[in-house]
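Residue numbers (the working numbering): 11 to 440.
Okay, so here's the structure we're looking at.
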């Protein structure tokens with residue numbers, strides 16, 4: 011994941027342990043060209059005659075510890091899977107090697123010395139943000155601490171986002187309304203330059219994510235855009251399999267016929283998920299591996315051993331922000347169709363997972379097709395007293411959503427007084 015502090019951690023280690031090593035080499039690991047070029051340049055700086063990467067590695071292989079001492083090599087940002095970084099490791103017992111990468115597979119190079127970084131704890135995040143915002147020696151008030159906790163939570167406790175937020179808040183004196191500015195214009199706020207730091211790290215979160223996305227296949231980018239319209243946690247891949255096996259045509263409630271927009275979206279989904287003409291789970295898993303490799307999504311199991319996908323909330327925001335208006339609509343509609351396919355009887359075992367993702371679309375509720383809204387309402391308010399016939403009549407006869415809510419609430423409460431919480435679920439949908 012971008013912005014968790016990988017580079018800073020490596021540089022901090024190098025500074026703290028400088029007395030262990032006589033020499034240190036910082037190598038840009040982003041491409042084969044930068045790795046080879048940097049290694050050759052660093053060896054030349056020590057006074058050796060060196061024309062090629064093979065010359066450089068030969069010199070490092072024959073390093074004399076008594077004369078030259080131990081040395082540290084930092085390969086930073088080895089994210090490109092085409093870079094076989096192990097080919098550039100000197101074969102010397104005097105070499106110590108550190109790597110920063112978003113490629114999980116490189117952890118296999120040193121399984122017992124592989125450290126996977128995540129977000130900060132809430133307390134760590136607040137401390138880091140306040141350190142940037144406040145003058146040296148000044149303590150935070152209770153109000154400042156509470157506001158900072160809210161900002162840290164919104165930013166998902168991501169180090170680079172927190173430092174970037176501090177760099178924006180401090181000169182603008184806007185701690186109190188930072189969150190409202192962020193929610194109104196996330197891209198404008200999150201491309202703001204980072205404050206000056208000793209390690210000169212100046213890559214913002216959105217810049218890092220833009221660079222990461224360039225390494226993704228077009229298909230993986232499409233998947234990421236669709237996932238971004240659900241909730242950022244616990245999306246069930248089984249929903250995609252269910253929808254694909256039914257050609258994305260499951261409609262739990264049919265109030266009106268579908269139009270051209272629906273056909274365009276199903277064509278997109280079919281092209282993505284059924285590339286050979288039918289659903290193939292192994293092809294889908296290959297894309298998930300690609301997204302996981304650079305930490306844009308994580309795949310895990312819930313308590314019932316169902317596979318679920320999650321992403322950082324800022325990745326979710328970024329993935330939507332970079333879309334053109336027409337792309338935004340079609341990828342949003344793709345998520346809606348997937349959720350609609352799972353809202354009926356066929357997706358019964360997934361219903362518990364779907365509700366948070368339906369809620370995540372609440373700001374788009376008024377733009378959805380009537381069949382989708384009706385299907386979501388049926389899922390939120392299950393039960394025999396509120397069936398498909400009643401629902402279709404309400405949706406056809408009463409176009410105003412607030413009136414439909416009152417009808418649904420009255421009918422539900424008169425028959426199921428013990429289940430008022432289902433009405434409250436519906437009230438969260440705008």
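Ideal placement from N, C-alpha and C gives every residue a C-beta, glycine not left out.
Note that the coordinates shown come from a computational prediction; the quantities given were computed from them, not determined experimentally.
query: Among the residues of its own chain, which have a CB less than 8 Å from the CB of residue 398, if the five just before and after it don't count?; result: Here the model assigns residue 398 a pLDDT of 48, short of 50, so the residue's position is not dependable and the matter cannot be decided.
query: With residue 49 and residue 98 assumed to form a contact (beta carbons below 8 Å), what rounded beta-carbon distance in angstroms separates them?; result: 7 Å
query: Under a three-way DSSP split, which group does residue 85 fall into?; result: strand
query: Check the C-beta distance from residue 266 over to residue 380 and give it rounded, since I have them as a contact under 8 Å.; result: 5 Å
query: Between residue 407 and residue 270, what straight-line distance do the alpha-carbon atoms span, to the nearest angstrom?; result: Note on residue 407: pLDDT 49, under 50, position unreliable in the model; the coordinate value appears next. Each residue's alpha carbon lies about 24 Å from the other.
query: Note down, one range per segment and in chain order, each alpha helix (DSSP H) of at least 4 residues found wholly within the segment 149-231.; result: 152-164, 169-182, 188-194, 196-200, 215-223
query: In the segment 263-321, which residue ranges form an unbroken alpha helix (DSSP H) of at least 4 residues, counting only runs that do not cross its ends?; result: 270-283, 291-303
query: Which class does residue 439 belong to by DSSP, given the choice of helix, strand or coil?; result: With a pLDDT of 40 at residue 439, under the threshold of 50, the predicted position of this residue should be treated as unreliable, and no value is reported.
query: Could you compute how far the alpha carbon of residue 341 sits from the alpha carbon of residue 224?; result: 19 Å
query: For residue 34, which of helix, strand or coil comes out of DSSP?; result: strand
query: Kindly indicate which three-state DSSP category residue 108 falls into: helix, strand or coil?; result: strand
query: Over what stretch of residues does the alpha helix (DSSP H) that includes residue 351 continue unbroken?; result: 335-351
query: CB residue 39 to CB residue 88, shorter than 9 Å?; result: yes
query: Quick test of your reading: residue 301 and residue 234, contact by CB under 8 Å. State the CB separation rounded to the nearest angstrom.; result: 6 Å
query: I think residue 309 touches residue 317, with their Cβ atoms under 8 Å apart; what is that distance to the nearest whole Å?; result: 6 Å
query: According to DSSP, which residues form a beta bridge with residue 245?; result: 319
query: So the alpha helix (DSSP H) residue 21 belongs to, where does it begin and stop?; result: 16-26
query: Find the nearest neighbour of residue 255 within the set 242, 377, 232, 290, judged by alpha-carbon distance.; result: 290
query: Residue 196 and residue 167: beta carbons closer than 9 Å?; result: no
query: Leaving out five residues on either side along the sequence, give the residues of the same chain with a beta carbon under 7 Å from the beta carbon of residue 367.; result: 240, 241, 245, 349
query: Ignore the nearest five residues each way along the sequence and tell me which others in residue 101's own chain have a CB closer than 6 Å to its CB.; result: 71
query: What's the gap between the Cα of residue 32 and the Cα of residue 181?; result: 41 Å
query: Along the alpha helix (DSSP H) that carries residue 52, what are the first and last residues, could you check?; result: 42-55
query: Taking the alpha-carbon positions, what's the residue 248 to residue 280 distance?; result: 16 Å
query: Give a yes or no on whether the C-beta atoms belonging to residue 107 and residue 86 are separated by under 9 Å.; result: no
query: If we ignore side chains and look at the alpha-carbon of each, how far apart do residue 1 and residue 57 end up?; result: Nothing can be reported for residue 1, as the shown portion of the chain is limited to 11 through 440.
query: Given a threshold of 16 other Cβ atoms within 10 Å of its Cβ, counted over all protein chains shown, does residue 442 qualify as buried or as exposed?; result: Residue numbering for the chain in the displayed model covers 11 to 440; residue 442 lies beyond these limits and cannot be assessed.
query: Within 10 angstroms of the Cβ of residue 64, are there 16 or more other Cβ atoms? Answer buried if so, exposed if not.; result: exposed
query: Relative to the alpha-carbon of residue 28, which residue among 111, 140, 81 has its alpha-carbon at the smallest distance?; result: 81
query: Using beta-carbon positions only, say whether residue 139 and residue 162 come within less than 9 Å of one another.; result: yes
query: Please list, in chain order, all residues of the same chain as residue 326 whose beta carbon is under 7 Å from its beta carbon, the five residues on each side excluded.; result: 238, 242
query: May I have the straight-line CA-CA distance separating residue 113 from residue 268, to the nearest angstrom?; result: 42 Å
query: Anyone know if the C-beta pair for residue 219 and residue 174 falls short of 9 Å?; result: no
query: Can you tell me whether residue 51 is buried or exposed? The criterion is at least 16 other CB atoms within 10 Å of its CB, across all chains shown.; result: exposed
query: Given a threshold of 16 other Cβ atoms within 10 Å of its Cβ, counted over all protein chains shown, does residue 336 qualify as buried or as exposed?; result: exposed
query: Find out if the Cβ-Cβ distance for the pair residue 37, residue 69 is shorter than 9 Å.; result: no
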